[in-house]
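Residue numbers (our numbering): 2 to 301.
Even glycine gets a Cβ: it sits at the ideal position worked out from N, Cα and C.
Inspection log for the structure reproduced underneath, given as structure tokens.
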Amino acid sequence: MAKRKTDIPFNQDPASRLMPWIVAVMVYIAGLALAGAFVLSAFADRWEAGLTGSLTIQIPPPSDEALSPDVQTQKVEAALNVLRGTKGVSSAKALATEEMRRLLEPWLGQNIDPRDLPLPSLIAVELQGGLIASDLDLRDLRRRLDAVAPGVLIDDHGQWQERLVAFLGALRLVSAVLVAIVTAAGLIMVFFATRGGLLAHRQTIELLHLFGARDGYVASQFAREAMKAGLKGGLFGVFATALTVIGLGQGAASTGAVLPGVAVLAPLDWAVLALLPLATALIAMIAARITVMRALARMV
């Protein structure tokens, strides 16, 4: 495919040769910020889905060391009977010793028996479809549980959810601000690069005017050059972003540091990232054209 003819020798302009690489770096930063926002959204959705519609019941350990472990087991069984007879509760399951050990291993090591520690007994409660903790009469439930297991605590995860939403909202805001800053920096870069190109090719532009070229014709050539630089740099930047996201996602998933699937972007997220080169090319083209038209209007 033959290149479209241009009357302005942009290939002799160092700024024109450097611009795609600058755009690539900016798109890379913006792409990582967007990818981070997408991962945070997926993490928040999965975390909230796991907490919504569930409760955690804590039965405190016996205060008397001489008290038989059977008493604690009886309390747990009594609490389970209360929960299973509560309207709106789908299931109630006591956390097994092996599950407790697995939760404590990262901090206390493998050679540990949770039964030797003064830990509360935990019961995971799942509510019926569509119900949340506030739909239950928690005060009445606490009263009935306290009658069979004094000192029982009911955790509806509301405080955790509020903190999580606030924290992730702040991180999303940071991502949005970062993308806005990168976009503004890109516009400024295009402005100065275009102004530099106008000065570098001033004689050529004046000669084109002598031959009858209008300002729009000259501006279209600068706009086309900026569009090519934006598209090329955008493709490089998105490619680097994709490699980074895939590498970090596989590394995080292999270590189990995140929930399964969270480290992988959804198809829609990838589609948004794939549009970055087109958006960059369009923004660069419009910014360059506006800059040239305004500059030529003031040119004597």
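Helix, strand or coil: how does DSSP classify residue i here?
{"i": "V126", "result": "strand"}
{"i": "L172", "result": "helix"}
{"i": "V153", "result": "coil"}
{"i": "K76", "result": "helix"}
{"i": "K88", "result": "coil"}
{"i": "A1", "result": "In the structure as shown, the chain begins at 2 and stops at 301. Residue 1 is therefore absent and cannot be evaluated."}
{"i": "A134", "result": "helix"}
{"i": "A97", "result": "coil"}
{"i": "I9", "result": "coil"}
{"i": "A267", "result": "coil"}
{"i": "A214", "result": "coil"}
{"i": "P278", "result": "helix"}
{"i": "T71", "result": "Checking the sequence, you will find Asp at residue 71 rather than Thr. DSSP places D71 in helix when its eight states are reduced to three."}
{"i": "D141", "result": "helix"}
{"i": "P62", "result": "coil"}
{"i": "A288", "result": "helix"}
{"i": "L120", "result": "coil"}
Residue i and residue j look like a contact to me (Cβ under 8 Å); what is the Cβ gap, rounded to whole Å?
{"i": "G250", "j": "V24", "result": "Actually they do not touch by this definition, with Cβ atoms about 25 Å apart."}
{"i": "A275", "j": "V239", "result": "7 Å"}
{"i": "I206", "j": "L199", "result": "7 Å"}
{"i": "V273", "j": "A227", "result": "With a Cβ gap of about 23 Å, V273 and A227 do not count as contacting."}
{"i": "L132", "j": "G54", "result": "6 Å"}
{"i": "L266", "j": "S176", "result": "The pair is not a contact, with the Cβ atoms about 14 Å apart (cut-off 8 Å)."}
Look up residue i in the DSSP assignment and give the residues it is bridged to.
{"i": "T57", "result": "A125 and D156"}
Are the CB atoms of residue i and residue j nearer to each other than 8 Å?
{"i": "L123", "j": "Q59", "result": "yes"}
{"i": "A171", "j": "A79", "result": "no"}
{"i": "A201", "j": "D14", "result": "yes"}
{"i": "V72", "j": "A95", "result": "no"}
{"i": "L209", "j": "A282", "result": "no"}
{"i": "L120", "j": "P62", "result": "yes"}
{"i": "D270", "j": "F44", "result": "no"}
### Query
If you pair each beta-carbon of the segment 151 to 158 with each one of the segment 83 to 90, do three or more pairs fall below 8 Å?
These segments do not touch.
#### Entry: the segment 19 to 39 contacting the segment 241 to 250, beta-carbon criterion three pairs below 8 Å
By the C-beta criterion, the segment 19 to 39 is judged to be in contact with the segment 241 to 250, since at least 3 inter-stretch pairs fall below 8 Å.
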